[in-house]
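Undergrad: Just so you know, the sequences run in chain order A and B.
Just so we're aligned, residue 531 is where the first sequence starts under this note's numbering, counting upward by one.
Just so we're aligned, residue 531 is where the second sequence starts under this note's numbering, counting upward by one.
Quick reminder that beta carbons are idealized off the backbone N, C-alpha and C, glycines included.
My structure is below; once you've seen it, I'll send some questions.
Protein chains: 2
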Amino acid sequence: MGRTSTAKEKLITSAIELMGNRSYNAVGVQEICDHSGVKKGSFYHFFPSKRDLTLEAIDTMWGKFKEQMLDPIFNSDIKAFEKFNVLMNKSYEYQSAAKECTGCVTGCGMGNLALELSTQDEIIRQKIEQIFEEWAQYFEDVIVDAVNEGDLSVDTDPRSTAQAILAYMEGVSLMGKTFNDPTMLSRLGEGMIQLCISKKNISLEDNM
Amino acid sequence: MGRTSTAKEKLITSAIELMGNRSYNAVGVQEICDHSGVKKGSFYHFFPSKRDLTLEAIDTMWGKFKEQMLDPIFNSDIKAFEKFNVLMNKSYEYQSAAKECTGCVTGCGMGNLALELSTQDEIIRQKIEQIFEEWAQYFEDVIVDAVNEGDLSVDTDPRSTAQAILAYMEGVSLMGKTFNDPTMLSRLGEGMIQLCISKKNISLEDNM
DNA sequence: CTTATAGTTGACTAGTTGGTCAAATAATAT
DNA sequence: ATATTATTTGACCAACTAGTCAACTATAAG
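Take a look at the structure:
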C-alpha cells in the first residue's frame, strides 16, 4: 500500500560511490541526498541514521563483490593458484578503471571503511569482520582443495594462509591507493602465491 | 625574542594520539586543543590549517617510528630474515599494548591516514607515499644484503619484494584492527619470510 | 628598564553536521 | 470512489566545523 519508491536504492548506490571515492566521515548525509536526488526528509524515512545507511551499503557492496568477482572466479574450475592470480588481475583492472574515471586509485571499499571506522563504530567493525571471515572462507576452500589434490603441502594451515592472502590483498590495495598507482596491484600480485607455500616446502637449505 | 612555548609540540602530540585512535576527519581542531590544553587561537598561531598540523604530525610520527623501531632493528647485526620477524613481533607488542590501554587495536597510524586521505588530500598522499618509499628502502637494503650473502636467490627483485613486505605488514595491521585482535599480527607474521623467497626457489615441482 | 616580539586569549564568524517533524501528496488495495 | 498507507517535502534545530582577529601578556634581547 501507499506509493512505491526507488529512493532507498538510490541512496545506497550514492553512498557506495561517494564513500568509496572519499570516506565515511568526509561524505555527509546532505551530499548523499543531493547526489541521489532524494530529500533529506526521505533519507530519514528510510534510514534511522547515517550509520544504518552505511550498514546497508556495506551489505550491498559485499553482495555485488561476491556476485561479480568472487563467485565467478571461485566457482570456475581453473587451477587453485590461478584463481588468486585472476582475482588480483581483476582488482588491477578495477583500480585502473577507477583511476581513469576519477583520477584516483580508490583501493578496497571494505578495507577503507574497516580502517576508518573499526575504532569508531563497533557495530560496523563487527559487520566488516564477519565479511572478512566470509571472504577468507573462499580462499580457505581453495587452499583445502589444493592440499587434497596434492598441490600444497599437508603442513599448510588453510585458515591462517587464507587470512594471510586476504591481508596481502588489502595491503597491496592500500599501497596502490597511497601511490595512486594501479600497476602496484599487478606488480605485487605474484606474492599471493608465495604466501600459500608452507615453510617446509621451501628449499631454504639450498641457499642458507 | 618574545616568549617561548611548548604549545606546538603539545598540539602535535595530541594530534598523533587522537587521530591515531580514531581518524583525521573524526577528530576536530577543538578536540585537539582541549586535549593539549591549548586555545584555538594558539593553534592557528602555530599552524595555518588542520592539514598543516597533520603534515607535521606525520613527520613526527615517522621520525619516532624510525628512531624507536626501524633504526634499532635494521642497524643491528641479526640475520636478515630475523629482522622482519623482530619488526613484526614489536608491532604485535605495540598493538597488544594499544588494546590493553584503549580497548582497540589501532593499526598502523601511517596506513590509517593513507587510506583515509589519499583520495582527499593530494599533499598528504604524496607525503605518505614518500615515507612508504623510505620505509621500503629499509627492507630493500636488507634484501640486497641477503642476496649478496647468498641467503636469497639472485633472481630476487629487491624493490618489489620490499614493497610486497610493506604491503603485507600494512595488510596484517588492517586485519588486526578489523578483527580487533592483536594476535593476528603474530599469527600472520610468518608470511613475511615467504614473500622473500623468489619463485624459482620454491620446489613447486615436488607437489604439482 | 625598555622595546620589540612571540605567544595567549576568548569572542566571533559563516558554513556544515546529523537529525526532526508536521503537513502535503500520491498510489494501492478494497 | 474511498480509506489506508507509504512516501515526499521543506522548514527547522542545536551542535559542531575550520578558521579569524584584535586585544592582551609575558619574556628575551638590547
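How would you list, in chain order, the residues of chain B whose beta-carbon sits under 8 Å from the beta-carbon of A/VAL559?
TA: Chain B residues near A/VAL559: none, gap ~14 Å exceeds 8 Å.
Undergrad: Give me the subset of the region 535–563 of chain B whose CB atoms are less than 7 Å from a CB atom of chain A, sorted by chain position.
TA: Listed by position along the chain: ASN551, ARG552, SER553, ASN555 and ALA556.
Undergrad: If you follow the alpha helix (DSSP H) that B/GLN560 is part of, which residue opens it and which one closes it?
TA: That run of the alpha helix (DSSP H) goes 559–566.
Undergrad: I want to verify the contact list: residues of chain A whose CB lies under 7 Å from the CB of B/MET618, in sequence order.
TA: Within chain A, no residue comes near B/MET618; the closest Cβ sits about 12 Å away, beyond 7 Å.
Undergrad: Mapping the DSSP letters down to three states, classify A/MET531 as helix, strand or coil.
TA: Note: A/MET531 maps to coil in three-state DSSP.
Undergrad: Considering only residues of the region 569–649 of chain B, which uninterrupted alpha helix (DSSP H) runs meet the minimum length of 4 residues and lie entirely inside it, listed in chain order?
TA: List check, alpha helix (DSSP H) in window: 570–576, 580–595, 601–604, 610–632 and 639–647.
Undergrad: Excluding the 5 residues preceding and the 5 following A/VAL684 in the sequence, name in chain order all residues of the same chain whose CB lies nearer than 7 Å to its CB.
TA: Counting only Cβ-Cβ distances below 7 Å, and skipping sequence neighbours, we find VAL677.
Undergrad: Closer than 7 Å, CB to CB, is A/ILE654 near chain B or not?
TA: No - not a single Cβ of chain B is within 7 Å of the one on A/ILE654.
Undergrad: In chain A, what lies closer than 7 Å to B/ARG717 by C-beta?
TA: Those are SER690, listed as they occur along chain A.
Undergrad: I'd like to know whether the C-beta atoms of A/GLN667 and B/GLN724 end up nearer to each other than 7 Å.
TA: No. Outside cutoff.
Undergrad: Among the residues of its own chain, which have a CB less than 8 Å from the CB of A/ILE654, if the five just before and after it don't count?
TA: Result list for A/ILE654: ARG581, THR584, LEU585, ILE588, LEU643, LEU647 and SER648, in chain order.
Undergrad: Helix, strand or coil, according to DSSP, for B/ILE723 in the structure here?
TA: Residue state, collapsed to three classes: helix.
Undergrad: Could you check what DSSP says for B/LEU734 in three-state terms: helix, strand or coil?
TA: With a pLDDT of only 45 at B/LEU734, under the threshold of 50, the placement of this residue in the model should not be trusted; the figure read from the coordinates follows. Helix at B/LEU734.
Undergrad: At a CB distance below 7 Å, what residues from the region 657–668 of chain A approach chain B? Give them in sequence order.
TA: Taking 7 Å as the Cβ-Cβ cut-off against chain B, the residues of the region 657–668 of chain A that qualify are ILE658, GLU659 and PHE662.
Undergrad: For a test of the three-state rule: what should DSSP assign to B/GLY550, helix, strand or coil?
TA: Three-state result, B/GLY550: helix.
Undergrad: Helix, strand or coil for A/SER703? Go by DSSP, reduced to three states.
TA: Residue state, collapsed to three classes: helix.
Undergrad: Closer than 7 Å between beta carbons: that is the criterion. Which residues of the region 629–644 of chain A meet it against chain B?
TA: Taking 7 Å as the Cβ-Cβ cut-off against chain B, the residues of the region 629–644 of chain A that qualify are CYS634, THR636, GLY637, GLY641, ASN642 and ALA644.
Undergrad: Tell whether a beta-carbon distance below 7 Å holds between A/LEU715 and A/TRP665.
TA: Result no, Cβ atoms of A/LEU715 and A/TRP665 do not sit closer than 7 Å.
Undergrad: Thinking C-alpha only, which one of B/THR691, B/LYS538, B/THR543 and B/MET599 is nearest B/MET722?
TA: Ranking the options by Cα distance to B/MET722, first place goes to B/THR691.
Undergrad: Any idea if A/CYS726 is buried or exposed, counting beta-carbon neighbours within 10 angstroms, 16 or more meaning buried?
TA: Label assigned to A/CYS726: buried.
Undergrad: Is any non-hydrogen atom of the ligand SAH found closer than 6 Å to the C-beta of B/ILE653, if you look at the structure I gave you?
TA: This structure lacks the ligand SAH; in fact it carries no ligand of any kind.
Undergrad: Return yes when the Cβ of A/PRO712 is within less than 7 Å of the Cβ of A/ILE635, no when it is not.
TA: Checking the sequence shown, residue 635 of chain A turns out to be Val, not Ile. A contact, by the Cβ cut-off of 7 Å.
Undergrad: Classify A/SER544 as helix, strand or coil using the three-state DSSP reduction.
TA: Correct three-state label for A/SER544: helix.
Undergrad: For A/PHE577 and A/SER553, what's the separation of their Cα atoms in angstroms?
TA: Straight-line Cα distance between these residues: approximately 19 Å.
Undergrad: Along chain A, in chain order, which residues have C-beta atoms closer than 9 Å to that of B/LYS707?
TA: In chain order: ALA644, LEU645, SER648, THR649 and ARG655.
Undergrad: For the alpha helix (DSSP H) that B/ASP675 lies in, which residues bound it at each end?
TA: 652–678 is the span of the alpha helix (DSSP H), which, as asked, contains B/ASP675.
Undergrad: Looking only at its own chain, which residues have a Cβ that is under 7 Å from the Cβ of A/TYR698, when we skip the five neighbours before and after it?
TA: Closer than 7 Å at the Cβ level, and outside the excluded window around A/TYR698, lie GLY721, MET722 and LEU725.
Undergrad: Using the Cα positions of B/GLN598 and B/THR536, report the straight-line distance between them to the nearest angstrom.
TA: Distance between the alpha carbons of B/GLN598 and B/THR536 is about 22 Å.
Undergrad: Measure the C-alpha to C-alpha separation of A/CYS563 and B/GLY639 and round it to an integer number of angstroms.
TA: Approximately 32 Å between the Cα atoms of the pair.
Undergrad: What is the C-beta distance between A/LEU541 and B/GLY637, in whole angstroms, given that I count them as a contact (C-beta under 8 Å)?
TA: So it is not a contact: roughly 30 Å between Cβ atoms.
Undergrad: So, at 6 Å on beta carbons, what are the nonlocal neighbours of B/THR708 in its own chain, with the 5 sequence-adjacent residues on each side left out?
TA: Around B/THR708: no qualifying Cβ.
Undergrad: Give a yes or no on whether the minimum CB-CB distance between A/GLY721 and chain B is below 7 Å.
TA: So, interface residue.
Undergrad: So which residues on chain B does A/ALA694 lean against when the C-beta distance must stay under 7 Å?
TA: Under the 7 Å cutoff, chain B gives LEU718 and GLY721.
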